[in-house]
Structure formats: structure tokens, C-alpha cells
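J.: Numbering (my numbering), first residue to last: 2 to 199.
Pasting a structure below so you can have a look.
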């Protein structure tokens, strides 16, 4: 049940398996940055794909009451998340937008740190957009080809390793990490479900 074949990459570092923040209900952006910097310095790869969970909810710097911490719940789920709360009228678009923007700024700060600690061109993009009422929809319902979901940013910046950050996070075993660590009774499937991939 792997989505990526570790053998297809020089290294596959699934940070979600060992740096999960149970209180925040997601993978901290700082953990992803630490591991990306470490791999860039240790292995000097031709390219590095770094996938942050933010700006997905849960919104780390400005959490919303009622957000159960799931990063994605799929199409019109009843699970508690900002998009369901918006549809129910339990929270305003302005409140969710403020929290979403704070989460985006939070992760962009980590991207800025990444750019100051790795050499090479960095492309910043997204796997999808989010809806804030377009077509009467919120979040990113599956199988919904709405332009606001499909149009994503693409920006580039040149990174230069200034040595400003010394990563402290290390995986609990050699890569690829074989199982979930640190979650009592939690499985790969539990965390993948929480991240919205199942």
C-alpha cells in the first residue's frame, strides 16, 4: 500500500511517519524543512521534491474551533473541518480566510528558510487550490474540475546555502522509514487517512 516507490527516488523521506504533531493534527512545516535541508547537504541531489502539508488545515498558527485536525476529508464529508463549518454557516468566510492566510504565511516562512539553506532553484507550487464559495463549494471536493481548484501558483527563487540553520530532526531508522513512529497504536493508514490520502 505505498503511493510512491522508494526505489524510484535517490531517497524517499516520509516525514509524516516520524514527525507527526498529534496536538496540531499534522506534520509541522519546520520538520519538513529540517529534513529537506539535511538531505540537500548530505546527498547533494540533482533535484529535491519537498511537500509541505500547509496551507492545508488544520491551520497551525491560528487554529479554528471545531477543526478536528484532518487535513482533507474528501467530497462533502460530515467530518469537522473548516469547509464543513463554512457550509453550515458556523464560521465566517473571513475567519477561515484569515486562518488560511496565516497558515500560508507560516509555511512560506519555512520555504524562505529552505531557500537560505539549500543551493539551487526552488519552485513553489501546489497540488490544488481551495474553494471559498465558488460554485457554492468549499475546500477541495474530489472529482470537481473547477478552475479555482485546478489553477495553482508557480513561483521560482534561487536558493543559496548560507548555513543559517542546523537541522536537528533525524529519522528513527535508515530511509525509507518502514513504519509509523511515535503514535501509540497508530498505523500508516491512520496517518494517511488524517492527511487525506485515504
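Every residue gets a Cβ at the ideal spot worked out from N, C-alpha and C, and that includes glycine.
Every value quoted in this text rests on a predicted model; they were computed, and no experiment measured them.
Find the nearest neighbour of residue 128 within the set 137, 155 and 136, judged by alpha-carbon distance.
T.: Position 127 of the chain shown, counted from the start, is the residue given in the question as residue 128. Nearest C-alpha to residue 128: 155.
J.: Count the other CB atoms within 10 Å of the CB of residue 68; is the residue buried (16 or more) or exposed (fewer)?
T.: Working through the chain shown from its first residue, we reach residue 68 at position 67. Residue 68 is buried by the Cβ-count criterion.
J.: Is the region 158-177 touching the region 130-146, taking contact as three or more C-beta pairs under 8 Å?
T.: In short, these stretches do not touch, since the Cβ pair count stays below three.
J.: Express the C-alpha separation of residue 101 and residue 26 in angstroms, rounding to a whole number.
T.: For the purposes of this step, residue 26 is taken as the residue at position 25 of the chain shown. For the purposes of this step, residue 101 is taken as the residue at position 100 of the chain shown. Residue 26 and residue 101: Cα-Cα distance of roughly 15 Å.
J.: What's the gap between the Cα of residue 96 and the Cα of residue 135?
T.: For the purposes of this step, residue 96 is identified with residue 95 of the chain shown, where counting begins at 1. For the purposes of this step, residue 135 is identified with residue 134 of the chain shown, where counting begins at 1. So the two alpha carbons sit approximately 17 Å from each other.
J.: In angstroms, rounded to a whole number, what distance separates the CA positions of residue 169 and residue 88?
T.: As a working mapping, residue 169 is identified with position 168 in the chain shown. As a working mapping, residue 88 is identified with position 87 in the chain shown. Roughly 41 Å between the two C-alpha positions.
J.: Excluding the 5 residues flanking residue 208 on each side, which residues of the same chain have their C-beta closer than 6 Å to its C-beta?
T.: Residue 208 cannot be examined here, being either before or after the span of the chain that is shown, 2 to 199.
J.: Quick one: what's got a C-beta closer than 7 Å to residue 108's C-beta in the same chain, skipping five residues either side?
T.: Against the chain shown, residue 108 aligns to sequence position 107. These residues qualify, in order along the chain: 30, 53, 55 and 56.
J.: Starting from the Cα of residue 41, find the closest Cα among 173, 119, 132 and 84 and give me that residue.
T.: In the chain shown, counting from the first residue as 1, residue 41 sits at position 40. For the residues 173, 119, 132 and 84, the minimum Cα distance to residue 41 belongs to 119.
J.: Report the CB separation of residue 150 from residue 130 in whole angstroms; it is logged as a contact under 8 Å.
T.: Residue mapping note: residue 150 aligns to position 149 of the chain shown, counting from 1. Residue mapping note: residue 130 aligns to position 129 of the chain shown, counting from 1. Yes, residue 150 and residue 130 are in contact; Cβ-Cβ is about 5 Å, under 8 Å.
J.: For residue 152, count the other beta carbons within 10 Å of its own beta carbon; 16 or more makes it buried, fewer makes it exposed. Which is it?
T.: Here residue 152 is taken as the residue at index 151 of the chain shown, counted from 1. Flag for residue 152 reads exposed.
J.: Which of helix, strand or coil does DSSP assign to residue 40?
T.: Residue numbering aside, residue 40 sits at position 39 when the chain shown is read from its first letter. Residue 40 falls in the helix class under three-state DSSP.
J.: In angstroms, rounded to a whole number, what distance separates the CA positions of residue 86 and residue 148?
T.: Stepping through the chain shown from its first residue, residue 86 is reached at position 85. Stepping through the chain shown from its first residue, residue 148 is reached at position 147. Answer to the nearest angstrom: the Cα atoms are 23 Å apart.
J.: On the DSSP letters alone, give me the boundaries of the beta strand (DSSP E) that residue 122 sits inside.
T.: Here residue 122 corresponds to residue number 121 of the chain shown, with the count starting at 1. Note, residue 122: beta strand (DSSP E), 121-126.
J.: Would you report the Cα separation of residue 82 and residue 58, rounded to the nearest angstrom?
T.: Numbered from its first residue, the chain shown carries residue 82 at position 81. Numbered from its first residue, the chain shown carries residue 58 at position 57. When rounded, the distance between both Cα atoms is 8 Å.
J.: Determine the burial state of residue 48: buried for a count of at least 16 other Cβ atoms within 10 Å of its Cβ, exposed for fewer.
T.: Numbered from its first residue, the chain shown carries residue 48 at position 47. By the 10 Å Cβ count, residue 48 comes out exposed.
J.: Do residue 146 and residue 19 come within 8 Å of each other at the CB atom, strictly closer than that value?
T.: Residue mapping note: residue 19 aligns to position 18 of the chain shown, counting from 1. Residue mapping note: residue 146 aligns to position 145 of the chain shown, counting from 1. No; because the gap between Cβ atoms is not below 8 Å, this pair is not in contact.
J.: Which partner residues of residue 155 appear in the DSSP bridge assignment?
T.: Working through the chain shown from its first residue, we reach residue 155 at position 154. Residue 155 is bridged to 126.
J.: Is the beta carbon of residue 133 closer than 8 Å to that of residue 103?
T.: As a first step, residue 103 must be located in the chain shown, where it is residue number 102. As a first step, residue 133 must be located in the chain shown, where it is residue number 132. Not a contact, by the Cβ cut-off of 8 Å.
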